Ligand SMILES: Cc1cc2nc3c(=O)[nH]c(=O)nc-3n(C[C@H](O)[C@H](O)[C@H](O)COP(=O)(O)O)c2cc1C
């Protein structure tokens, strides 16, 4: 019988839920989830920093295709690490017709992250992707599957086609994934293609199909996922708008409060009885980071909860120490402020931002940073008049964005999350003029409640403390039931 986790440590990109955090949580028998977002970029930066603890090397040594591992090591490893004032190397941005090196970086980096998270125990580990970051999906998922990932979790969009991709890749079949392309002509091939045979060295390795959990925000989306997905959906994560990271926009016409935050109403409320009736395991997320809420969710029939913010501040997370301690101090004082920014993310989804001095949450920092787009994970793909594809980001220089057919009003207030999120975890890009990319921390509305995990006199806590505390009022409740699997479409 399969035992389901009561606690899922949510995926937190970029690199906040890294292999260390996920390994710690999975070792406890709960589900640790690494973030798969922009891992290719993070991998290059870890190698450029000299891989000081040797973890990347260890992962590469276990990678089943040694020639590919060697190519990447030879190109990106900097012995002793790059000088602090040197910029990180750049890699070509993702595009519909991917460059082989970029695909290889995705396969390898996703393999290594999952491999490391699985070291030293036999429990499952998950990987999280954002549906909106579409181009790296196939190669990234394949890399994670080569390392034996147990669960794939995906939200920030409607990941209807991922279950079928998991089936295809588990069978080592060529797979494809349709990109959302603005202005695509009927019949235009908008699919990303990936054939494992093009990358494998030696015989095809045996792979098993990970479980798939869709992250959704409403009963309607939950039902859509189960009815229309291209393969089996093994469970649902129901994320409310107080969760950290990106949030689903409110249903209906977007209305903003006086301070500029999206207003959520009755229509955004989740009906838990309706979820139970769907007959698949579900986990509640968004404000469930305390023992009382965990118990409440279990009593209401959830298999458990997914928690992010509480884990983001644990010692094991990838968040920069200075950012962790400044925000923890605010949480202890009860003065942490989180703003749901309707504009910041180029995806157009609301994005939660912790208000923090010297970070990109401050208008003067945003102004000084200006507009640069050199990573491009959140670019929108559009069809050009000659039947080709173009890419634009609402946070790139406005003139470029408009030249590519973007509307100037869509560029207002957008921020470069790609660079900011890498800065959050200590891999900030250095610009030619010596300036350093500013951080922009995302956390849930419950920021101040993380103070509960600090033992008296201590200024840090472990993910182990979080898991123990979350489960402390639920010991008497039975383990979650074996899932009733949703019908395949
Ligand atoms: C720092 C941070 C980064 C996050 N990044 C992602 C992400 O990359 N993908 C995703 O699906 N959810 C992301 N989330 C959401 C979490 O996985 C989780 O669902 C959410 O944090 C739960 O709500 P809570 O913050 O109230 O615990 C992020 C949350 C935080 C705090």
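Numbering (the numbering used here), first residue to last: 130 to 618. From the three backbone atoms N, C-alpha and C, an ideal C-beta is built for every residue, glycine too. The structure presented is a predicted model; accordingly, all values stated were derived computationally and were not measured.
Alpha-carbon to alpha-carbon, residue j and residue i
i: residue 251; j: residue 313; result: 45 Å
i: residue 490; j: residue 484; result: 6 Å
i: residue 550; j: residue 507; result: 12 Å
i: residue 618; j: residue 563; result: Residue confidence is low: residue 618 scores 33 on pLDDT, short of 50, so the model does not pin down where it sits. No coordinate-derived value is stated.
i: residue 604; j: residue 461; result: 28 Å
i: residue 426; j: residue 390; result: 27 Å
i: residue 613; j: residue 363; result: With a pLDDT of 43 at residue 613, under the threshold of 50, the predicted position of this residue should be treated as unreliable, and no value is reported.
i: residue 193; j: residue 445; result: 28 Å
i: residue 511; j: residue 291; result: 22 Å
i: residue 156; j: residue 248; result: 9 Å
i: residue 529; j: residue 518; result: 16 Å
i: residue 198; j: residue 190; result: 8 Å
i: residue 443; j: residue 280; result: 22 Å
i: residue 266; j: residue 258; result: 8 Å
Neighbour flag for residue i against chain B, beta carbons, 8 Å
i: residue 220; result: Reference to chain B is not applicable here, since this structure consists of a single protein chain.
Exposure label - residue i; buried when at least 16 CB within 10 Å
i: residue 373; result: buried
i: residue 587; result: exposed
i: residue 152; result: buried
i: residue 543; result: buried
i: residue 615; result: In this prediction, residue 615 scores a pLDDT of 41, lower than 50, which makes its location untrustworthy; the coordinate-derived value is nonetheless stated afterwards. Classification of residue 615: buried, given that the 10 Å Cβ count is 16 or more.
i: residue 212; result: exposed
i: residue 316; result: exposed
i: residue 565; result: exposed
i: residue 600; result: buried
i: residue 204; result: exposed
i: residue 226; result: exposed
i: residue 228; result: exposed
i: residue 370; result: buried
i: residue 540; result: buried
i: residue 438; result: buried
i: residue 169; result: buried
i: residue 146; result: buried
i: residue 392; result: exposed
i: residue 262; result: buried
i: residue 260; result: buried
i: residue 325; result: buried
Beta bridge counterpart(s) of residue i as assigned by DSSP
i: residue 256; result: 163 and 281
i: residue 482; result: 468
i: residue 435; result: 137 and 414
i: residue 322; result: 305
i: residue 342; result: 282 and 364
i: residue 391; result: 385
i: residue 349; result: DSSP, once it has assigned bridges, lists no residue as partnering residue 349.
i: residue 559; result: 565
i: residue 310; result: 510
i: residue 375; result: 480
i: residue 519; result: 511
Cβ pair residue i, residue j closer than 8 Å
i: residue 381; j: residue 293; result: no
i: residue 166; j: residue 142; result: yes
i: residue 207; j: residue 177; result: yes
i: residue 480; j: residue 571; result: yes
i: residue 592; j: residue 154; result: yes
i: residue 538; j: residue 500; result: no
i: residue 282; j: residue 355; result: no
i: residue 133; j: residue 339; result: no
i: residue 504; j: residue 548; result: yes
i: residue 163; j: residue 201; result: no
i: residue 171; j: residue 144; result: yes
i: residue 264; j: residue 223; result: yes
Candidates the options: closest to residue i by CA position
i: residue 345; options: 319, 367 and 190; result: 367
i: residue 502; options: 532, 492 and 546; result: 546
i: residue 455; options: 375, 221 and 568; result: 568
i: residue 342; options: 521, 582, 418 and 412; result: 412
i: residue 322; options: 242, 217 and 297; result: 297
i: residue 311; options: 582, 419 and 509; result: 509
i: residue 183; options: 209, 486 and 284; result: 209
i: residue 327; options: 527, 492, 232 and 597; result: 232
i: residue 148; options: 512, 278 and 347; result: 278
i: residue 440; options: 511, 253, 579 and 320; result: 579
i: residue 216; options: 552, 226, 268 and 457; result: 552
i: residue 418; options: 577, 218 and 180; result: 577
i: residue 378; options: 394, 388 and 158; result: 394
i: residue 401; options: 536, 173, 351 and 467; result: 351
i: residue 465; options: 598, 385, 575 and 556; result: 575
i: residue 598; options: 285, 487 and 424; result: 424
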